[in-house]
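Sequential numbering from 7 applies to the sequence shown in this note's numbering. Note that CB positions come from ideal geometry on N, CA and C, so glycine has one too. Following: one structure in structure tokens, then a few remarks.
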Amino acid sequence: MSIKKISKQNFAEFIGKVIAAQTVYAVQAKGDRFDFGPLKSAEDLRLDYDVTLQPPKKYFLPPVEKLVSFEVGKCKYQSSFDDEKFVLLGVHPYDMVALNQLDKLFCQDNCDKHYFTRRANATIIALDVVTPSKNVFAAEMGAAVVKEGFDLLLTDIGDSYVAEAATEKGEKLLANAKAVDANKNDIAKRAQVQENNKKQLKKHQLKCPSSYLPALLEKAYNHPVWEERAKTCFACGSCNQVCPTCYCFNVQDDVNWDMKTGSRCRAWDGCMLDGFAKVAGNHDFRKNRADRFRHRLYRKAKYVPEKIDSGPACVGCGRCIAACLPDIANPVSVYNRLVDDLGIG
7 MSIKKISKQN FAEFIGKVIA AQTVYAVQAK GDRFDFGPLK SAEDLRLDYD VTLQPPKKYF
67 LPPVEKLVSF EVGKCKYQSS FDDEKFVLLG VHPYDMVALN QLDKLFCQDN CDKHYFTRRA
127 NATIIALDVV TPSKNVFAAE MGAAVVKEGF DLLLTDIGDS YVAEAATEKG EKLLANAKAV
187 DANKNDIAKR AQVQENNKKQ LKKHQLKCPS SYLPALLEKA YNHPVWEERA KTCFACGSCN
247 QVCPTCYCFN VQDDVNWDMK TGSRCRAWDG CMLDGFAKVA GNHDFRKNRA DRFRHRLYRK
307 AKYVPEKIDS GPACVGCGRC IAACLPDIAN PVSVYNRLVD DLGIG
């Protein structure tokens, strides 16, 4: 696949062509914050953003999604699929790593057709970080740069963007740009940006390699930090809701007012919420907040990595830190406490 250079003078025209051709969801300003949303004009695009309020996973696993429509008593049902083709523009490497993990998770056992229909219909334009956020620690989690999953990768090298097309969809999109082949100097500038991000995206530093976290948690199940942190936890689930790798959901059937038709929907759920682990017989596997707090951290650094043979299921975006009012959600601070108390090895 090709690597091109697009001058910033020509870049706005390129984005305008993309917008004219299909739906584009991209990063825009919301006051002094940023978030993904429908892009109507290239002038509204912000590729210098620090971090978005919500991760881009919402375009593949929506907060609320209808799965099936049905007719009561007649065994009639119809699966619902979102077949809109769209471009997702400005995905930071850590969010791309998270999407790559979700791809692996949703294809295990029974492949989730709803998720993968959206995934197949998307063209993802990733973007190397320009402005590090105040809580980012992606470099500590191996997610400061990304090499796969995207269709097109943009890197700001000053007066231009280096654009790498990794798929046929990326090549097709890049064909709309007034671009030239990137030379050795352009490639070197891109490499320098990525090396700098490996050093800069460390606002919170781990006291151990991230690859050691599963072994660390293996001996930390009864550590007092879980109870200590849970004392001030609101169990609000904000850390779950802003996390790019959380994928738990609840499924509910709703009958319409006509009492004849209805739908089955799924909606985001979270392991920090009271009742999340409640089953038949009113038995709750994680009734205590400390148990739920511990589960969240174990899921990030032990359960999911072992399930899909990956790096941590925390990509270091820092959103949970910003969302947590009592300031207890920072995974790095918890893991560092465990290293201090339990050591390495």
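Checklist entry - Per the contact definition of three or more C-beta pairs closer than 8 angstroms, is the stretch 155-164 in contact with the stretch 176-184? => result Three or more beta-carbon pairs separated by less than 8 angstroms link the stretch 176-184 to the stretch 155-164, which places the two stretches in contact.
Checklist entry - Where do the ends of the beta strand (DSSP E) carrying Asn141 lie? => result Counting from one through the sequence shown, the residue named residue 141 turns up at place 135. Where Asn141 is concerned, there is no enclosing beta strand (DSSP E), because DSSP gives it neither an H nor an E.
Item to check | Enclosing beta strand (DSSP E) for Glu71 [first to last residue] | outcome: As a position in the sequence shown, residue 71 is number 65, starting the count at 1. Val70 to Glu77 is the span of the beta strand (DSSP E), which, as asked, contains Glu71.
Checklist entry - With 16 as the cutoff for other CB atoms within 10 Å, does Glu170 come out buried or exposed? => result Along the sequence shown, read from residue 1 onward, the residue named residue 170 stands at position 164. Glu170 should be labelled buried.
Item to check | Extent of the continuous alpha helix (DSSP H) to which Trp232 belongs | outcome: Walking along the sequence shown from the start, residue 232 turns up at place 226. Note, Trp232: alpha helix (DSSP H), Val231 to Ala236.
Next on the checklist: For the alpha helix (DSSP H) containing Gln206, name the first residue and the last one.
Outcome noted: Along the sequence shown, one-based indexing puts residue 206 at 200. Its alpha helix (DSSP H) spans residues Lys190 to Gln206.
Item to check | Close beta carbons around Leu207, own chain, < 6 angstroms, minus the five adjacent residues each side | outcome: Against the sequence shown, residue 207 aligns to sequence position 201. Residues of the same chain with a CB within less than 6 angstroms of the CB of Leu207, apart from the 5 flanking positions on each side, are Pro138, Val142, Ala144, Ala145 and Ala150 in chain order.
Item to check | Range of the contiguous beta strand (DSSP E) that encloses Val93 | outcome: In the sequence shown, the residue the question calls residue 93 occupies position 87. Run containing Val93: Phe92 to Val97, per the beta strand (DSSP E) assignment.
Checklist entry - Closest by CA to Leu95, which one among Cys252, Cys113 and Val24? => result Taking the first residue of the sequence shown as position 1, residue 95 is located at position 89. Leu95 has its Cα closest to that of Val24, out of Cys252, Cys113 and Val24.
Next on the checklist: So the candidates are Gln28, Arg124, Asn256 and Ile193; which of them puts its Cα closest to the Cα of Phe282?
Outcome noted: The sequence position of residue 282 within the sequence shown is 276, counting from 1. The shortest C-alpha separation from Phe282 is found at Asn256.
Next on the checklist: Once the 5 residues before and after Thr267 are set aside, which same chain residues still bring their CB inside 8 angstroms of it?
Outcome noted: The sequence position of residue 267 within the sequence shown is 261, counting from 1. By the criterion of a C-beta distance shorter than 8 angstroms, Thr267 is surrounded in its chain by Ser75, Phe76, Glu77, Val78 and Val261, once the five residues flanking it on both sides are discounted.
Checklist entry - So does the stretch 331-345 actually touch the stretch 293-310, counting three or more Cβ pairs closer than 8 angstroms? => result In short, these stretches touch, since the Cβ pair count reaches three.
Next on the checklist: Which residue marks the beginning of the beta strand (DSSP E) containing Cys271, and which one marks its end?
Outcome noted: Numbered from 1 along the sequence shown, position 265 holds the residue referred to as residue 271. For Cys271, the enclosing beta strand (DSSP E) has its first and last residue at Thr267 to Trp274.
Item to check | Of the residues Asp346, Val152 and Ala48, the one placed nearest Gln15, counting alpha carbons only | outcome: Here residue 15 refers to the residue found at position 9 when the sequence shown is read from its first residue. Shortest Cα-Cα distance from Gln15 to any of Asp346, Val152 and Ala48 involves Ala48.
Checklist entry - Taking buried to mean at least 16 other C-beta atoms within 10 Å of its own C-beta, is Gln247 buried or exposed? => result Within the sequence shown, the letter at position 241 stands for residue 247. Under this definition Gln247 is a buried residue.
Checklist entry - Would you call the CB atoms of Arg124 and Tyr167 closer than 8 angstroms? => result Residue mapping note: residue 124 aligns to position 118 of the sequence shown, counting from 1. Residue mapping note: residue 167 aligns to position 161 of the sequence shown, counting from 1. Taking 8 angstroms as the cut-off, the beta carbon of Arg124 is found no closer than this to the beta carbon of Tyr167.
Checklist entry - So is Asn227 buried or exposed if we call it buried at 16+ other beta carbons inside 10 Å? => result Here residue 227 is taken as the residue at index 221 of the sequence shown, counted from 1. With the sequence shown as reference, residue 227 is identified as Tyr, and Asn is not the correct amino acid for it. Looking at its Cβ environment, which holds fewer than 16 other Cβ atoms inside 10 Å, Tyr227 is exposed.
Next on the checklist: Threshold first: 4 residues or longer. Then list the alpha helix (DSSP H) segments lying entirely within the stretch 117-168, N to C.
Outcome noted: Taken in chain order, the whole alpha helix (DSSP H) runs of length 4 or more contained in the stretch 117-168 are 119-127.
Checklist entry - In chain order, what residues of the same chain lie with their CB nearer than 6 angstroms to the CB of Glu71, ignoring the 5 residues before and after it? => result Taking the sequence shown and counting its residues from 1, one reaches residue 71 at position 65. Around Glu71: Arg272.
Checklist entry - Hey, Pro104 and Ser244 are a contact pair by Cβ (cut 8 angstroms); roughly how many whole angstroms apart? => result Reading the sequence shown from its first residue, position 98 is the one you call residue 104. Reading the sequence shown from its first residue, position 238 is the one you call residue 244. What sits at residue 104 in the sequence shown is Ala, not Pro. Actually they are not in contact, since the Cβ atoms of Ala104 and Ser244 sit about 17 angstroms apart, beyond 8 angstroms.
Next on the checklist: Does Arg39 come out as helix, strand or coil in the three-state DSSP assignment?
Outcome noted: For the purposes of this step, residue 39 is taken as residue 33 along the sequence shown, with counting starting at 1. In the three-state scheme derived from DSSP, where H, G and I count as helix and E and B as strand, Arg39 is classed as strand.
Checklist entry - Buried or exposed: Asp116, going by 16 or more other Cβ atoms within 10 Å of its Cβ? => result Counting from one through the sequence shown, the residue named residue 116 turns up at place 110. The residue asked about is misnamed: residue 116 is Asn in this sequence, not Asp. Counting the other CB atoms within 10 Å of its CB gives Asn116 a total below 16, which places it among the exposed residues.
Checklist entry - Run through DSSP, which three-state label would Lys10 get? => result Within the sequence shown, numbered from 1, the residue matching residue 10 stands at position 4. Reduced to three states, the DSSP call for Lys10 is strand.
Next on the checklist: Buried or exposed for Lys195, going by 16 or more other Cβ atoms inside 10 Å?
Outcome noted: Residue mapping note: residue 195 aligns to position 189 of the sequence shown, counting from 1. Buried is the call here.
Checklist entry - Quick one: what does DSSP say Asp346 is sitting in, helix, strand or coil? => result Counting from 1 along the sequence shown, the entry for residue 346 is found at position 340. Here Asp346 sits in helix by DSSP.
Checklist entry - Hey, Ala319 and Gln84: beta-carbon distance below 8 angstroms or not? => result In the sequence shown, the residue the question calls residue 319 occupies position 313. In the sequence shown, the residue the question calls residue 84 occupies position 78. Contact check for Ala319 against Gln84 fails: the beta carbons are separated by 8 angstroms or more.
Item to check | Straight-line gap, Phe87 to His120 (C-alpha atoms, nearest Å) | outcome: Here residue 87 corresponds to residue number 81 of the sequence shown, with the count starting at 1. Here residue 120 corresponds to residue number 114 of the sequence shown, with the count starting at 1. In a straight line, the C-alpha of Phe87 is about 6 angstroms away from that of His120.
Checklist entry - Thinking C-beta only, is Gly322 closer than 8 angstroms to Tyr55? => result For the purposes of this step, residue 55 is taken as the residue at position 49 of the sequence shown. For the purposes of this step, residue 322 is taken as the residue at position 316 of the sequence shown. In this structure, Gly322 does not lie closer than 8 angstroms to Tyr55 by Cβ.
Checklist entry - How would you call Val186, buried or exposed, if buried means at least 16 neighbouring beta carbons within 10 angstroms? => result Numbered from 1 along the sequence shown, position 180 holds the residue referred to as residue 186. Classified as exposed, Val186 has fewer than 16 neighbouring CB atoms from the shown chains inside 10 Å of its CB.
Checklist entry - Relative to the alpha-carbon of Gln60, which residue among Ala132, Cys326 and Glu234 has its alpha-carbon at the smallest distance? => result Here residue 60 refers to the residue found at position 54 of the sequence shown. It is Cys326 whose Cα lies nearest to the Cα of Gln60.
Item to check | Cβ-Cβ separation, Ala132 to Lys10 (assumed contact under 8 angstroms), whole Å | outcome: Taking the first residue of the sequence shown as position 1, residue 10 is located at position 4. Taking the first residue of the sequence shown as position 1, residue 132 is located at position 126. At roughly 15 angstroms, the Cβ-Cβ gap does not stay under 8 angstroms, so Lys10 and Ala132 are not in contact.
Checklist entry - What distance in whole Å lies between the Cβ atoms of Leu111 and Ile314, which are believed to be in contact at a cut-off of 8 angstroms? => result If you number the sequence shown from 1, residue 314 lands on position 308. If you number the sequence shown from 1, residue 111 lands on position 105. Contact between Ile314 and Leu111 holds, since their C-beta atoms are separated by about 6 angstroms, short of 8 angstroms.
Next on the checklist: If the criterion is Cβ atoms closer than 8 angstroms, does the pair Val93 and Gln200 meet it?
Outcome noted: As a first step, residue 93 must be located in the sequence shown, where it is residue number 87. As a first step, residue 200 must be located in the sequence shown, where it is residue number 194. It is not a contact, given that the beta carbons lie outside the stated cut-off.
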